[in-house]
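Using the numbering used here, you'd call the opening residue of the sequence shown number 31 and step up by one each time. No residue lacks a Cβ here, since even glycine has one placed at the ideal position from N, Cα and C.
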Amino acid sequence: MAPLGRPAVPGADRGALRVEAFFEALWREHVTVDFVHPEADVTAYKLVVPPSSSILAETAAKNLHRYVEGGGHLMVSYFPGPDRRPGLRELLAEVLDHARVSGPAGLPDTVEVVRRGGHVFLINHGDRPATVRGVSGRACSTARRSRGRRRCRQVVWR
Numbered sequence: 031m032a033p034l035g036r037p038a039v040p041g042a043d044r045g046a047l048r049v050e051a052f053f054e055a056l057w058r059e060h061v062t063v064d065f066v067h068p069e070a071d072v073t074a075y076k077l078v079v080p081p082s083s084s085i086l087a088e089t090a091a092k093n094l095h096r097y098v099e100g101g102g103h104l105m106v107s108y109f110p111g112p113d114r115r116p117g118l119r120e121l122l123a124e125v126l127d128h129a130r131v132s133g134p135a136g137l138p139d140t141v142e143v144v145r146r147g148g149h150v151f152l153i154n155h156g157d158r159p160a161t162v163r164g165v166s167g168r169a170c171s172t173a174r175r176s177r178g179r180r181r182c183r184q185v186v187w188r
């Protein structure tokens with residue numbers, strides 16, 4: 031017997047689609063995303079967006095509750111699949127503004143900024159080179175120094 035494909039009971043792929051929808055909307059706002067377990071210490075984050083889940087362990091629920099009580103911002107989505115209507119990016123922009131989370135302004139939509147320790151990586155996911163102003167550092171692929179403006183194909187390191 032095949033499982034029922036009811037929207038209220040998502041298949042394994044629906045949860046992944048929801049995570050991808052949020053990740054893409056945050057990525058388009060140039061906000062770096064970390065994936066952490068809901069029971070992990072999340073107090074260092076200004077905003078936590080847990081994936082939709084019909085079952086949440088009690089320890090995870092208490093952890094997220096303490097996070098919010100301590101001043102953290104928690105954005106929880108509805109359970110079923112992705113929002114196919116416009117609006118997710120705008121909603122996330124409002125939530126990010128309220129939580130005082132922002133990415134760098136003026137970047138092309140295809141450029142992702144990733145911070146790891148003292149390093150900043152610019153990753154161009156587009157088919158064409160992108161120009162990013164105000165960047166200085168080394169191109170990982172060539173190790174050449176760059177100041178002020180960078181035309182990048184893949185990765186720039188700062």
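A residue is called buried once 16 or more other Cβ atoms fall within 10 Å of its Cβ, and Leu-121, having fewer, is exposed.
For His-149, the enclosing beta strand (DSSP E) covers residues 149-154. With respect to Gly-133, Val-61 sits close: the two C-beta atoms are nearer than 7 Å. Exposed is the label assigned to Val-63, since fewer than 16 other Cβ atoms lie within 10 Å of its Cβ. Between Val-49 and Pro-81, the C-beta gap is smaller than 7 Å, which places the two residues in contact. The beta carbon of Val-131 sits closer than 7 Å to those of Val-61, Lys-76 and Leu-77, all from its chain and outside the five residues before and after it, given in chain order. Assignment of Glu-69 by DSSP, reduced to helix, strand and coil, places it in the coil class.
DSSP, reduced to helix, strand and coil, places Leu-86 outside both helices and strands of the structure shown, so it counts as coil. For Asp-139, the closest C-alpha among the options His-67, Glu-99, Pro-159 and Gly-100 is that of Pro-159. Buried is the label assigned to Phe-52, since at least 16 other Cβ atoms lie within 10 Å of its Cβ.
Per the coordinates, the alpha-carbon of Leu-137 lies some 10 Å from the alpha-carbon of Leu-152. Assignment of Leu-137 by DSSP, reduced to helix, strand and coil, places it in the coil class. 7 Å or more divides the Cβ of Ala-74 from the Cβ of Arg-119. Per DSSP, Ala-74 is not a residue of any beta strand (DSSP E), being assigned neither H nor E. With a threshold of 16 other beta carbon atoms within 10 Å, Glu-88 falls short and is exposed. Sixteen is the threshold: when 16 or more other Cβ atoms of the shown chains lie within 10 Å of the Cβ of Glu-142, as they do, the residue is buried.
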